[in-house]
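Using our numbering, read the sequence shown as starting at 1 and increasing by one per residue.
Structure record follows, encoded as structure tokens.
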Amino acid sequence: MKESFDFLPVGRPARKRPGGPAAERRSPNLKVKSVINSDTTILEKSAKHAATSTPVSLARRIGGLSDRAIAWLFITPTIALLLAINIFPLIWAIRLSFTNYRANRPNAVLENVGLQNYHRVLTDSDIWIAMQTTAHFVFWTILLQTLIGFSLAYLIDRKFRGHAFWTTVILIPMMLSPAVVGNFWRFLYQPQIGLFNYIVSYVTGVPPSSFEMLGSVSLAPWSIIIVDTWMWTPYVMLICLAGLRSIPDYIYEAAEVDRASAWRQFWSITIPMALPFIMLAVLFRGIENFKMFDMVMLLTGGGPGSTTEVASITLKREAFESWRTGRASAFAIILFVAVFGLANIYVKALNKVKQR
């Protein structure tokens, strides 16, 4: 039998392969298997080395504690801080609401008065007027901000030329401090030099000094509504825009195949699928507007008279002007229960809409 040789350069001896031609034909497979086995061995050794070199668990290094105990160890300071900031003041306010405590007389004898503070709050006509004023503000600000905010979001979602620039411009009021916004609009509302009066005069023909937005009983509430709408409509727009961007394009494409009109697509696709986001924006703005304080204090201070005195201003006057701390605590608890209860009912309705 003839022996097979590899052809090598001249002057270099040929090396004979064992097994003859058959071994020559099988040699590539043998080489591949050898490489695979070698790589497998290297990987196994690397894995064993990694396993032996991995540090012991954090639990073993900290006094033998379990991972669950270590997790509680890390989050306990945060929980304690939240309890100190939120829960303790709430419990303390509940305690004071059943007493005759006055903050300007800390050394006076503390007496329990039972439900007397709650009865006085619920039967006080001034407090009910303040609640009606608050409801008026909440209703109109939410209505205007939702309508304008959703309309702006719908236009920006069309992605017209320059939409990114106009989005940035619209968001500017939301980025400003309430103190800056309040003083800025207070200047605009000036009857002699304010720009707002001159714009109204140009449109209606009424002399600019013939009316005062912040000093009129009928116009002062609307002046606050205008400012709050100008400042927080961009916030509602952002939430609505997120809802519109979450609607898949293929749904509109399928509607176009079915020859649905743009109006039909708006009412059958856009509104139902963006409704959870709209309701979420209404919830956030409703809670914020219910406790409106800074903007009213900066613009009107609750006046003229008590025309713009909302619940938060009444609460502040009870606590820090009349110094009826126990009664103010009872009023605060009533407001908390009312807002919490309404928000809970609203969230349940929101969850039902999401499940459709």
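Built from N, CA and C at the ideal position, the CB exists for glycine as well.
Just so you know, these numbers come straight off a predicted model, no measurement behind them.
Item                                                                                                                                 : Value
Neighbour-count burial assignment, THR168, 16 or more Cβ in a 10 Å radius                                                            : exposed
Stretch pair the region 313-332 + the region 108-120: three plus CB contacts closer than 8 angstroms                                 : yes
Segment contact flag, the region 133-151 with the region 223-237, C-beta cutoff 8 angstroms, min 3 pairs                             : yes
Separation of TYR250 from LEU82, as counted between CA atoms                                                                         : 45 angstroms
The alpha helix (DSSP H) enclosing GLY243, as first and last residue numbers                                                         : 220-245
Proximity of THR308 and THR300 at Cβ, strictly below 8 angstroms                                                                     : yes
Residues bridged to THR146 (per DSSP)                                                                                                : According to DSSP, which records beta bridges pairwise, THR146 is partnered with nothing at all.
VAL282 versus TRP267 - alpha carbon distance                                                                                         : 19 angstroms
Rounded C-alpha distance that separates SER322 from ARG105                                                                           : 12 angstroms
Beta-carbon contacts of LEU171 that lie in its chain and below 7 angstroms, excluding the five residues immediately before and after : PRO234
Separation of VAL200 from MET213, as counted between CA atoms                                                                        : 11 angstroms
The region 212-229 in contact with the region 128-141 per 3-pair CB rule at 8 angstroms                                              : yes
Beta-carbon proximity list for ALA311, same chain, < 7 angstroms, skipping 5 on both sides                                           : ALA130, MET131, THR134, LEU335
Cβ pair ARG245, GLN145 closer than 8 angstroms                                                                                       : no
Distance, ARG102 Cα to SER209 Cα                                                                                                     : 45 angstroms
CB of ASP294 within 8 angstroms of CB of PRO173, strictly                                                                            : no
Unbroken stretches of the beta strand (DSSP E), 3 residues or longer, contained in the region 96-157                                 : none
Rounded distance between the beta-carbons of ASN100 and VAL113, thought under 8 angstroms                                            : 5 angstroms
Residue range of the unbroken alpha helix (DSSP H) whose run includes ASN344                                                         : 325-354
DSSP state of LEU214 mapped onto helix, strand, coil                                                                                 : coil
For ASN289 and PHE137, believed in contact at Cβ under 8 angstroms, the rounded distance                                             : 6 angstroms
Endpoints, the alpha helix (DSSP H) within which TYR189 is located                                                                   : Here TYR189 belongs to no alpha helix (DSSP H), and DSSP marks it neither H nor E.
Cα-Cα separation, TRP185 to SER261                                                                                                   : 43 angstroms
Limits of the unbroken alpha helix (DSSP H) element including THR314                                                                 : 311-320
For PHE160, the first and last residue of its enclosing alpha helix (DSSP H)                                                         : It is not in any alpha helix (DSSP H) - PHE160 carries neither H nor E in the DSSP assignment.
Beta-carbon proximity of GLY162 to PRO304, cut-off 8 angstroms                                                                       : no
GLY243 versus ALA153, ASN344, ASP124, ILE225, residue with shortest Cα-Cα distance                                                   : ALA153
Counted within 10 angstroms of its Cβ, other Cβ atoms place VAL296 as buried (16 or more) or exposed                                 : buried
Chain-order list of residues whose beta-carbon lies under 7 angstroms from that of GLY302 (same chain, five-residue window excluded) : VAL296, THR308, GLU309, ILE313
Close Cβ partners of LEU237 (< 6 angstroms) along its chain, the five nearest in sequence each way excluded                          : Note that residue 237 corresponds to Met in the displayed sequence, not to Leu. Counting only Cβ-Cβ distances below 6 angstroms, and skipping sequence neighbours, we find GLY149, LEU152, ALA153.
Cut-off 6 angstroms between Cβ atoms - residues of its own chain near LEU188, not counting five sequence neighbours on either side   : GLY194, LEU195, PHE196
Cβ contact check for the region 84-101 and the region 68-75: 3 or more pairs under 8 angstroms                                       : no
Rounded separation between PHE340 and ILE287 - CA only                                                                               : 9 angstroms
ARG68 - DSSP class collapsed to helix/strand/coil                                                                                    : helix
Cβ-Cβ distance between LEU275 and VAL353 below 8 angstroms                                                                           : yes
Where the alpha helix (DSSP H) through ASP294 begins and ends                                                                        : 294-299
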